[in-house]
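Position 356, counted from 1, in the sequence shown is what numbering that gives the first Met the number 0 calls 355; the numbers after and before it change by one each time, with no gaps.
Everything below concerns the one structure shown next.
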Amino acid sequence: MATLSKPVADTPVVTLADVQAAHARIRPFIVRTPTLVSRTLSQLTGATVYLKFENLQFTAAYKERGALNTLLQLPDGTPGVIAASAGNHAQGVAYHASRLGLPATIVMPKPTPTVKVMQTESHGAQVVLHGETFDAAYAHARELEAERGLTFVHPFDDARVIAGQGTVAIEMLEDVPDLDCFVVPIGGGGLISGMGTVVKAADRPIDLVGVQAELFPSMWNRLTGSSRPCEGDTLAEGIAVKQPGILTAELVARLVDEILLVSERHLEAAVSLLVQIEKTVVEGAGAAGLAALLAFPERFRGRTVGVVLCGGNIDTRLLANVLLRDLARSGRLARLRIKLQDRPGALFNVARVFDQEQVNIIEVYHQRVFSTLPAKGLITDIECETRDAAHLARLLAALAREGYDAAPVELA
0 MATLSKPVAD
10 TPVVTLADVQ
20 AAHARIRPFI
30 VRTPTLVSRT
40 LSQLTGATVY
50 LKFENLQFTA
60 AYKERGALNT
70 LLQLPDGTPG
80 VIAASAGNHA
90 QGVAYHASRL
100 GLPATIVMPK
110 PTPTVKVMQT
120 ESHGAQVVLH
130 GETFDAAYAH
140 ARELEAERGL
150 TFVHPFDDAR
160 VIAGQGTVAI
170 EMLEDVPDLD
180 CFVVPIGGGG
190 LISGMGTVVK
200 AADRPIDLVG
210 VQAELFPSMW
220 NRLTGSSRPC
230 EGDTLAEGIA
240 VKQPGILTAE
250 LVARLVDEIL
260 LVSERHLEAA
270 VSLLVQIEKT
280 VVEGAGAAGL
290 AALLAFPERF
300 RGRTVGVVLC
310 GGNIDTRLLA
320 NVLLRDLARS
330 GRLARLRIKL
340 QDRPGALFNV
350 ARVFDQEQVN
360 IIEVYHQRVF
370 STLPAKGLIT
380 DIECETRDAA
390 HLARLLAALA
400 REGYDAAPVE
410 LA
């Protein structure tokens, strides 16, 4: 975690009046998403947890707010807009540009999942696939901006975008005036900069905590003078930004009290809990706030905390993988590796133990050749479903009593 030193106050880049004006400007065209208390998550974390469901926006992310606030302030006769994004910003710009009759071009990295490309195109934008990374796509977008005379809509480092994102905090404080702490994901820093402008203008102290994935601590590095690497395959790709904005870094340094770094395991747990408890689908970046509460419970215990579920655009196959991994870690899904003799009835006798312990067998895998066992031995992997970790422990004890060498195949 990092407690940030505060710079000497200068003229603010974005003011509370800017955010209020943005809210009046965009309010008729966005979803007024709810801010609701989660009793179960409150019991689990020791804080009173309020969730802001920005995953219920039409494009399933808060990015619409900043994009729309920018588009509504463009001069008449603007020939078109261009943006670089691999996800939520692309869809926010594409959707509202189409609605306003503005041609939109979105430059996306070539590895962008097909579903995100198709969703962006479905909003009427021209998608240009270029480069292997966001940085390459961004550079190409700036080239096309100059060549075609288009207006670039930055994903975070623009005062109009920042003001639009800050409208999230206006709505949260209207719905829950006694919030005393906000926990906000940080990628480029647009969301927390805008929200911080509102939060720190309140007539009472309110804590503002930023959250980044451990694999991409770019803003944390910038403001603490650290040099941790920003790389890796994070579940929170929506906040996997290697270089935060110049404007946003200034605002974060001035407004944010602390930045917490969360592990991939806590991000996975948060995504899974939100599905199980709140029955809502949230992407890894959108679950970062809850991940911080899970990772640092003492930091938030007893507080009234507002958590922004900032996006819900997660690949369904990835979501399924996260949920299955969570079942495995909780003991409700397991793979047991059992050594057997290669003779008739061996598998039947093992299955009998599973039946006695009322454990459901899902899959069975035999391995005779690629094994260090004697030629008359084999390894069987059995995937099974149990009620909880205690039930799994009883099954392992029963197998041991019957003389079987059985052990769980652990997740990394």
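Even for Gly, the Cβ is constructed at its ideal location relative to N, Cα and C.
Less than 9 Å separating the beta-carbons of residue i and residue j?
{"i": "residue 189", "j": "residue 161", "result": "yes"}
{"i": "residue 323", "j": "residue 270", "result": "no"}
{"i": "residue 36", "j": "residue 152", "result": "no"}
{"i": "residue 358", "j": "residue 318", "result": "no"}
{"i": "residue 380", "j": "residue 336", "result": "yes"}
{"i": "residue 107", "j": "residue 116", "result": "yes"}
{"i": "residue 132", "j": "residue 126", "result": "no"}
{"i": "residue 48", "j": "residue 306", "result": "yes"}
{"i": "residue 378", "j": "residue 326", "result": "no"}
{"i": "residue 105", "j": "residue 71", "result": "no"}
{"i": "residue 298", "j": "residue 273", "result": "no"}
{"i": "residue 46", "j": "residue 247", "result": "no"}
Please report how far the alpha carbon of residue i lies from the alpha carbon of residue j, in whole angstroms.
{"i": "residue 63", "j": "residue 155", "result": "12 Å"}
{"i": "residue 112", "j": "residue 16", "result": "38 Å"}
{"i": "residue 217", "j": "residue 243", "result": "6 Å"}
{"i": "residue 360", "j": "residue 383", "result": "4 Å"}
{"i": "residue 77", "j": "residue 42", "result": "51 Å"}
{"i": "residue 6", "j": "residue 221", "result": "Note that residue 6 scores a pLDDT of 47, beneath 50, so its modelled location is shaky; the value from the coordinates is reported in the next line. Computed Cα separation, rounded: 13 Å."}
{"i": "residue 261", "j": "residue 344", "result": "49 Å"}
{"i": "residue 8", "j": "residue 201", "result": "Residue confidence for residue 8 is low, a pLDDT of 48 falling below 50, so the modelled location carries little weight; the figure read from the coordinates is stated next. Roughly 17 Å separates the two Cα atoms."}
{"i": "residue 277", "j": "residue 407", "result": "30 Å"}
{"i": "residue 184", "j": "residue 28", "result": "24 Å"}
{"i": "residue 236", "j": "residue 135", "result": "16 Å"}
{"i": "residue 405", "j": "residue 399", "result": "7 Å"}
List the endpoints of the continuous alpha helix (DSSP H) containing residue i.
{"i": "residue 352", "result": "345 to 355"}
{"i": "residue 165", "result": "158 to 174"}
{"i": "residue 312", "result": "Segment: none, residue 312 is in no alpha helix (DSSP H) and carries neither H nor E."}
{"i": "residue 413", "result": "Past the edges of the chain, shown from 0 to 411, lies residue 413, and the structure says nothing about it."}
{"i": "residue 18", "result": "15 to 25"}
{"i": "residue 224", "result": "Careful: residue 224 lies outside any alpha helix (DSSP H) and carries neither H nor E."}
What are the start and end residues of the beta strand (DSSP E) that includes residue i?
{"i": "residue 338", "result": "332 to 340"}
{"i": "residue 184", "result": "180 to 184"}
{"i": "residue 296", "result": "Run containing residue 296: none in the beta strand (DSSP E); it sits in the alpha helix (DSSP H), 296 to 299."}
{"i": "residue 257", "result": "257 to 261"}
{"i": "residue 189", "result": "That residue, residue 189, is in no beta strand (DSSP E); its alpha helix (DSSP H) goes 189 to 198."}
Leaving out the 5 sequence neighbours to the left and right, which residues in its chain are closer than 7 Å to residue i when beta-carbon positions are compared?
{"i": "residue 122", "result": "90, 93, 94, 97"}
{"i": "residue 267", "result": "234, 321, 324, 325"}
{"i": "residue 402", "result": "none"}
{"i": "residue 385", "result": "330, 331, 333, 358, 391, 394"}
Using a Cβ-Cβ cut-off of 6 Å (strictly less than) and excluding sequence neighbours within five positions of residue i, which residues of its own chain qualify?
{"i": "residue 13", "result": "158, 161, 162, 196"}
{"i": "residue 265", "result": "290, 293, 294"}
{"i": "residue 21", "result": "68, 162, 163, 166"}
{"i": "residue 173", "result": "none"}
Got a sec? Which residues, its chain only, sit under 8 Å from residue i by beta carbon, not counting five neighbours each side?
{"i": "residue 205", "result": "178, 179, 180, 181, 198, 199"}
{"i": "residue 387", "result": "329, 330, 331"}
{"i": "residue 356", "result": "390, 393, 394, 397"}
Quick check: the stretch 40 to 54 against the stretch 161 to 171, are there 3 or more CB pairs under 8 Å?
yes
Counting pairs of Cβ atoms below 8 Å between the stretch 303 to 319 and the stretch 273 to 284, do you hit three or more?
Short answer: they touch.
Would you check if the stretch 206 to 216 and the stretch 253 to 272 touch, i.e. whether three or more CB-CB distances between them fall below 8 Å?
yes
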